[in-house]
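Yeah, the sequence shown ends on 116 if you go by our numbering, and it's all consecutive.
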Amino acid sequence: MKGIGMETTLTYKLALLHLVHLLMHADGMVDERELAMLNRIRNEESITDAVYNAFTARLSFSTDKELYDHGVRLLNQCSDEEKLQVFAHLYKLAQADNDFSMKEVRLLFYSLEQTQVEFDDVVLIARMAS
């Protein structure tokens, strides 16, 4: 889903991983479609095993709130284009299991508010990338 000529930063990749993890676990279940989407995101964004493994190592000693706060802090360091790309991935991920839980909706909308990204822009980018 990268924009043409868009080389993503480590900050972008880590912000994406933080929010993807939280969204995948928001409803208490991770299904095969969400795991497949995670792998697709990792491939599209060239997230190496080293970066992914470093991120997953952090999970065991971080609360969801700490992961969220850190993910939003990272995302706020990203360009507007990168922010839109993160939310386009999250939007598509939330649709992957055909069930938008209220926790997923709250996570998405609160994150949009914290990063000052417009939902309509996210939907547009997600549809263009499909």
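No residue lacks a Cβ here, since even glycine has one placed at the ideal position from N, Cα and C. Model, not experiment: these values are computed from the prediction.
Residue burial classification, residue i (beta-carbon count within 10 angstroms, cutoff 16)
i: S32; result: exposed
i: V91; result: exposed
i: L5; result: buried
i: L0; result: buried
i: T(-6); result: buried
i: L94; result: buried
i: L110; result: exposed
C-beta contact flag for residue i and residue j at 8 Å
i: E131; j: A82; result: No information on residue 131 is available, as it lies outside the stretch -13 to 116 that the chain covers here.
i: A112; j: K89; result: no
i: L76; j: L(-4); result: no
i: V108; j: A80; result: no
i: Q100; j: V72; result: no
i: S65; j: A12; result: no
i: F41; j: L3; result: yes
i: R28; j: Y38; result: yes
Backbone CA spacing between residue i and residue j [nearest angstrom]
i: Y54; j: M23; result: 20 Å
i: L70; j: V103; result: 7 Å
i: K(-2); j: M15; result: What sits at residue -2 in the sequence shown is Tyr, not Lys. Spanning the two alpha carbons is a distance of roughly 25 Å.
i: R44; j: H56; result: 11 Å
i: F105; j: E67; result: 14 Å
i: D17; j: H7; result: 13 Å
i: E52; j: M114; result: 32 Å
i: Q63; j: D85; result: 31 Å
Min CB distance residue i to chain B below 8 Å
i: L79; result: The chain inventory of the structure shown lacks chain B, comprising one protein chain alone.
Any beta strand (DSSP E) of 3 or more consecutive residues that is wholly inside the region -4 to 26: none
Start-end ranges of the beta strand (DSSP E) lying completely within the region 72 to 101, minimum 3 residues: none
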